[in-house]
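Taken in order, the sequence shown gives residues -23 to -1, 1 to 524; the numbers are from mature numbering (1 follows the signal peptide of the UniProt record, and there is no 0).
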Amino acid sequence: MKLHRGSAVSLVLAAATLAFATAIDFKADLSLKEKTSSSSIQQSTEQTSSESAVSLAPVQPVAACSDLLTVDLTAIGSNITSAKETDSNGITYCSVEGVFASTAGWQVMLPVANWTQRYMQVGCGGLCGNINLQPGAADGSAEVTNGEFVLASTEMAGGSDGEFGLDKEKRAAFAHQAVHQTSQTAKKLIQAYYGQEVAYSYFNGCSDGGREAVMEAIRYPNDFDGIIAGAPAMLFTFQNSFHHACDSLDGIEDGLLSDPRLCNFDPSTIECTTDASNNSTYLTSAEVEAVTKFYNGPVDARSGKHLTVGEEHTNTALAAIKYLIFEEYPGDNYTLNDFDFSDSTIDLLRSRHPLLDAVSSDLSEFHKAGGKLILWHGWADPHISPRTTIAYHEALQKRMGEDTLNEFERLYLLPGVYHCGSGEGPSAIDLVTPMLEWVESSTAPGAIQTSTPASTGESKFGQWAKSGSGSGLPPLKRMLQTEASGSGSAASTVTRPVYPYPAVAKYKGSGDVNDAANFEEGKPLYTKKTRDWLGEDFFNPYTPTKA
């Protein structure tokens, strides 16, 4: 990163997100400090995806695509296996593929005609094992649509079966190394192909790609100028999933919750009477007891303290528990019944925490390098709890100081949005344009408009790669319905602004609730600090380990 350039329970608790908390399931100096506290978010003008970022002149290649086969990547620990031109979405790229010593594969896509001096690396989801070159949170970004970025990604030597976790070299590649090496590789290929260095570098990932994003800020603060991290599985060894259902607590009955933490659903309200005949609508007393425990989340039996940040769990990542999060392999016959929900298990996670987790609250080197970070999360994410992302934001505030953090970090929470997109809420969002504006012209992001996506199809961004056995988290499809459409079609567009946390979008009291123009910045609806839980010390600064 140059100061200036010219031309997982769910399970683990999620890995235990993937394990305990997924167990049962982003160079310029900013001279003007803008507070994002509950008292004031006097940010820059509202930004939408239609605004363009700084204009950079296109640069043409100075070498043939096939010439890149001879680029020496030995110092990086890699070799090139192919280099050929290919078309993607009507854009011609020089596609270069290769593999690192860890066996992690990588791919770099260099635009043949329209490169505007920027590089974007895309993260992958789940336990990876696939290469994803589809940037997310980029709906309306002209630079992405026009193919102006050099794109790259790596599959990180991973795989949904998790068995790579038993190999030290592959484990390190998955944890952090392959992403860093891909950045080094792409930048060397850019120099060889275009005859100049990249002007600005960005990382964009969701789910485990979000973990990879924050990991870069922690471990390799000079790799990227701007980092976008969505629904980050950052507390890989300890993450849980969360989803709550209530409405009208934010002042409008629209099926969306501006802040689900306001909702405290009591399952006993739907307990059936002894003579109830319709048990498909009501719960028995035994079912109420079970559901209540499920919603409360796991607690240590001895102390009664919560083991996770969030609440309900809906998915598990048993592969991560068996092969990744514990120092000692628990054996082929290990099942969820063997997973002990106690503080003693948290202690077992501490060994791999400095390797796999991306939750150090010390981002001073990233800030010093001029980096910018945007965190975002769907409030209705059933795989990774948004509360974990909030807890990390709070830890950053405590460690870095609110004013300092405000110079380089923003958090956006999207009501009704699922894991890395889709859902009942407006999930189409462009965070790429605001990031480019922030990095390249020092315009800090403020309100950003979201909308219902033009397509209801599934996106691969941040999602798990399923193996032949069908493992991986279930895909989530958007199901938003409005009076106008009645079917979740793109015919009826819903727009809604989102504000830097902790502010929320507040309905002005009149006008179409599906139109962002009828909303304004509202004060935080929830002001309590994240509840105490046994693993919160994981967010303290620590020294990452290499393998």
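Don't be surprised by glycine CBs; every beta carbon is placed ideally from N, CA and C.
Note that the coordinates shown come from a computational prediction; the quantities given were computed from them, not determined experimentally.
In this structure, the beta-carbon distance from Ile302 to Thr214 falls below 8 Å.
Per the coordinates, the alpha-carbon of Gly348 lies some 51 Å from the alpha-carbon of Leu260.
Secondary structure at Arg473: strand, using DSSP grouped into helix, strand and coil.
Of the residues Tyr476, Thr410, Gly499 and Val89, the one whose Cα lies closest to the Cα of Ser32 is Thr410. When the beta-carbon positions are compared, Val99 and Thr69 stay at least 8 Å from each other. Pro392 sits away from Thr429, with the two beta carbons spaced by 8 Å or more. Within the stretch 94 to 147, the runs of alpha helix (DSSP H) at least 4 residues long that lie entirely inside it are, in chain order, 119 to 122. Separation of Glu74 and Leu166 (C-alpha to C-alpha, rounded to the nearest whole angstrom) is 11 Å. By the Cβ neighbour-count rule, Ala263 is exposed, with fewer than 16 other Cβ atoms within 10 Å of its own. Distance between Val48 and Ala155, taken at the CA atoms: about 19 Å. Taken through DSSP and simplified to helix, strand or coil, Asn495 comes out as helix. When secondary structure is reduced to three states using DSSP, Thr410 falls in the helix class. DSSP, reduced to helix, strand and coil, places Pro521 outside both helices and strands of the structure shown, so it counts as coil. With a minimum length of 4 residues, the unbroken runs of alpha helix (DSSP H) contained wholly in the stretch 302 to 339 fall at 320 to 326 and 330 to 333. Rounded to the nearest angstrom, the gap between the Cα atoms of His157 and Lys483 is 41 Å. In the three-state scheme derived from DSSP, where H, G and I count as helix and E and B as strand, Lys61 is classed as strand. Assigned with DSSP and collapsed to three states, Phe201 falls in coil, not helix or strand. Contact annotation, Gln94 with Leu110: C-beta distance approximately 19 Å; criterion of less than 8 Å not satisfied.
Pairwise C-beta distances place the stretch 201 to 213 out of contact with the stretch 127 to 138, as fewer than three of them are shorter than 8 Å. Of the candidates His354, Pro479 and Gly512, the residue whose Cα lies closest to the Cα of Leu502 is Pro479.
Around the Cβ of Tyr306, a 10 Å sphere holds fewer than 16 other Cβ atoms; the residue is exposed.
A distance of 8 Å or more separates the beta carbons of Ile108 and Leu340. One thing to note: Val191 has its Cβ no nearer than 8 Å to the Cβ of Ala176. Proximity to Asn123 across Ser65, Trp356, Phe151 and Lys147 peaks at Ser65, based on C-alpha coordinates. Check the Cα spacing between Pro331 and each of Asp317, Thr504, Val416 and Asp514: the tightest is with Asp514. Ranked by Cα distance from Phe151, the first of Cys105, Pro112 and Ala115 is Cys105. Taking C-beta atoms as the reference points, Glu371 and Lys506 count as a pair closer than 8 Å.
By the neighbour-count definition (other C-beta atoms within 10 Å, threshold 16), Pro363 is a buried residue. DSSP places Val31 outside both helix and strand once states are collapsed to three, so it counts as coil. From the listed residues Glu498, Arg327 and Lys485, the smallest Cα separation to Tyr519 is found for Arg327. Only exposed fits Val39, as fewer than 16 other CB atoms lie within 10 angstroms of its CB. Take Leu382, set aside five residues on each side of it, and the residues of its chain with a beta-carbon closer than 7 Å to its own are Leu373 and Gln374, in chain order. Considering only Thr58, Cys42 and Tyr300, the residue with the shortest C-alpha distance to Gly172 is Cys42. Rounded to whole angstroms, the gap between the alpha carbons of Ala78 and Val121 is 31 Å. The alpha-carbon separation between Asn517 and Lys164 amounts to approximately 32 Å. Unbroken beta strand (DSSP E) stretches of 3 residues or longer found wholly inside the stretch 168 to 195: 177 to 183, given in chain order.
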